[in-house]
Amino acid sequence: MQVYLPIAEMSVNALLVLGMGWLVGFLSGMFGVGGGFLMTPLLIFIGVPPAIAVGTQANQLVAASVSGVLAHWRRGNVDVKLGVVMLGGGVVGTAVGVWIFGILQRLGQIDIAITLSYVFFLGTIGGMMLVESSRAILRRRAPTAKRGKLHRHIWLHGLPFKMRFQRSKLYISALLPAGIGAVGGMLVAIMGIGGGFLLVPAMIYLLNMPAGLVAGTSLFQIIFTTAAATLLQAATNQTVDAMLALLLLIGGVIGAQFGTKAGTRLRGETARMALSLIVVAVALKLAWDLFSRPDDLFTLTMGLR
Amino acid sequence: MMAGVRKRRLIQGAAALAGLLLGGTVAATVWAQQLVADLSSHLIAITTGFTGTEVVLFGTTDGAGDVAIVVTGPRGPATVRRKQRVAGMWMNTDSVRFEQVPSFYTVAVSRPLDQLVGRPVLERQQLGLPQLQLPADATLPPDELAAYRNALIRNKQRQGLYAISMGQVAFLGERLFRTNIYFPANVPTGLYNVEALLIRDGDVVSAQTTPLVVSKIGFSAEVSDFARNRPVIYGVAAVVGAIAAGWAAGAAFRRV
């Protein structure tokens, strides 16, 4: 079934887009990541212009995160206090990100900057998670191995403005979650993604948050950053395609429900291993595109840009 | 509201048709109308289910001769960028901006063009892709500029917006002719020019231009108008809609 997208000005197969939304929604619910880092390359792959892919899926991520948060909320897996502190940093980060985006645009290299930051962030974080989770799985297989320390004290935990987060059983500097939120906000503005793939490991490894609360709390924060990104994209660039977003979010919200249920049955390290494999695969694909000779060295842009 | 839009377009269409008929009768009284052509439809409506469409162009000549049809979409600027290897990565390094680039271009002929007219006529009428005039803003060596120009045409052909080969104009007898013009799903919107040329003894002896409107209609038109005219409210609506949809889905799955 073909559907015409009014802003992208192209016709797509509705079932294909629904299926893509479902798949990304499933992963989003399972791992607590927004899935934007998967959706952008997928949309561009089926021919949606990159700017519209970024703007539209920010909109779709709002719906996916709301439905994901609801599922986590009922299980009591959202630390609202920590989420709000992260959000405070997220607002500052988004503003800084918009400023950096403007500079890159004036330099005329925004496309390659976006791809490079994808390769860098996905590659680094995916690689780190892959190493960590495979170690954890190996430890599990060999029960005689020595158990690691429960809590490693590093310089990050000596920062001022300590706050107590009862829900997460943490007593840490408020600068830590705010800083993580700020980096997430920057990614929303520059890469047009929720930033969950960065927030989730940061919350696990830097904050030592209970794993059960991580997905719900990061999704809670992503609702607000993606809503701000949608507004900004629609108002300044008119790159939000409501029709495309509708198809993606129908698939996405259904997928997210199944994903959340599947996620509760997964062991923490198995889930992290699976997520890291997907992240590394996307990074490798993007790096391959960057370094391999394109079919046509010339590209065409209609209009004034 | 949608019915209202449809009605308005119908009235517009009827008015256009009446004008056309009137123009036709006026021209007929001027006696020497060598070529008359018309389209099966003057409006291509892009609705939600639009997957491309075909328009039939038909007409008659006052005697033996050949016919060429040129369909040109609205013209505008376009930028062609070239990638080069920088530190192992392929990135955009140079670009050339072209002016007056037709968003759509296709030609149909009753016989191969080189059998009909010479080069000067082809160039004068901009008949065929090699003759299409695309002024560039860059001062580059001719072969460099040609590479950019060819890249523009190649990209357009890949999108299906410039025809790769010429279409066929079929004659039914000596005077009646017809051809099918195909418009793909990604056809740009705007005012198109459909030009019919009558060719005799190596020159164009008569020409007629018919307008064709490609426009979004119904739901897709309303969405794109909303997004363009009220971008902030559109953004708010998109966010509110997404929150509602997410909430509804979350509530619906509560018991599953």
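Quick mapping for you: the protein sequence lines, in order, are chains A and B.
Residue numbering for the first sequence follows full-length UniProt numbering, starting at 1 and increasing by one per position.
Residue numbering for the second sequence follows full-length UniProt numbering, starting at 1 and increasing by one per position.
Each residue gets a CB set at the ideal place from its N, CA and C atoms; glycine is no exception.
Only a predicted model underlies this, so the values are computations on that prediction, with no experimental measurement involved.
Q.
Please return the same chain residues whose Cβ sits closer than 6 Å to the Cβ of residue 296 of chain A, not counting the five positions on each side in sequence.
A. none
Q | For residue 80 of chain A, three-class secondary structure by DSSP | A | helix
Closest by CA to residue 44 of chain A, which one among A/53, A/129 and A/200? A/53
Check your understanding: If we count the other Cβ atoms within 10 Å of its Cβ and call it buried at 16 or more, is residue 249 of chain B buried or exposed?
Key -> By the beta-carbon neighbour count (other beta carbons within 10 angstroms, threshold 16), residue 249 of chain B is buried.
| chain B within 9 Å of residue 185 of chain A, Cβ atoms only | Nearest CB-CB separation between residue 185 of chain A and chain B: not below the 9 Å threshold.
| said: Between residue 35 of chain B and chain A, is the shortest Cβ-Cβ distance under 9 Å, so that the two count as touching? | reply: no
Q. Is DSSP giving residue 78 of chain B helix, strand or coil here?
A. strand
Please classify residue 44 of chain B: does DSSP put it in a helix, a strand, or coil? Three-state DSSP puts residue 44 of chain B in a strand.
Segments of 4+ residues assigned as alpha helix (DSSP H) that fall wholly inside the segment 184-245 of chain B: 219-229
Q) Can you tell me the Cα-Cα spacing of residue 126 of chain A and residue 190 of chain A, whole angstroms? A) 19 Å
> Are the C-beta atoms of residue 138 of chain B and some chain A residue less than 9 Å apart?
Replying inline: Answer no: the Cβ-Cβ gap between residue 138 of chain B and chain A never drops below 9 Å.
With a cut-off of 8 Å on the beta carbons, I'd call residue 55 of chain A and residue 239 of chain A a contact; round off their distance for me. Yes, they are in contact, since the Cβ atoms of residue 55 of chain A and residue 239 of chain A sit about 3 Å apart, within 8 Å.
- prompt: If you compare alpha carbons, which of B/87, B/158, B/91 and B/72 is closest to residue 81 of chain B?
  reply: B/91
Exercise. Between which two residues does the alpha helix (DSSP H) containing residue 164 of chain A stretch?
Worked result: Run containing residue 164 of chain A: none in the alpha helix (DSSP H); it sits in the beta strand (DSSP E), 162-165.
Practice prompt. Below 6 Å CB to CB, which residues in the same chain sit around residue 116 of chain B once its five sequence neighbours on both sides are set aside?
Written response: 66 and 199
Task: Beta-carbon proximity list for residue 117 of chain A, same chain, < 7 Å, skipping 5 on both sides - done: Cβ neighbours of residue 117 of chain A beyond the five flanking positions: 190 and 191.
For the alpha helix (DSSP H) that contains residue 148 of chain B, what are its first and last residues?
142-158
Spatial distance of residue 136 of chain B from residue 119 of chain B (CA atoms): 22 Å
Close beta carbons around residue 167 of chain A, own chain, < 6 Å, minus the five adjacent residues each side
79
Residue interval of the alpha helix (DSSP H) (run including residue 60 of chain A):
50-74
Any chain A beta carbon closer than 9 Å to residue 259 of chain B:
Residue 259 of chain B falls outside the range modelled here, since chain B spans only 1 to 256, and no answer is possible.
Using a Cβ-Cβ cutoff of 9 Å, what residues of the segment 175-186 of chain B are near chain A? List them in chain order.
184, 185 and 186
Nearest candidate by alpha-carbon position, reference residue 6 of chain A, set B/41, B/49 and B/34 | Selected option, being the one with the closest Cα: B/49.
| task | Alpha carbon to alpha carbon, how far is residue 74 of chain A from residue 83 of chain A? Give it in angstroms, no decimals. | result | 16 Å
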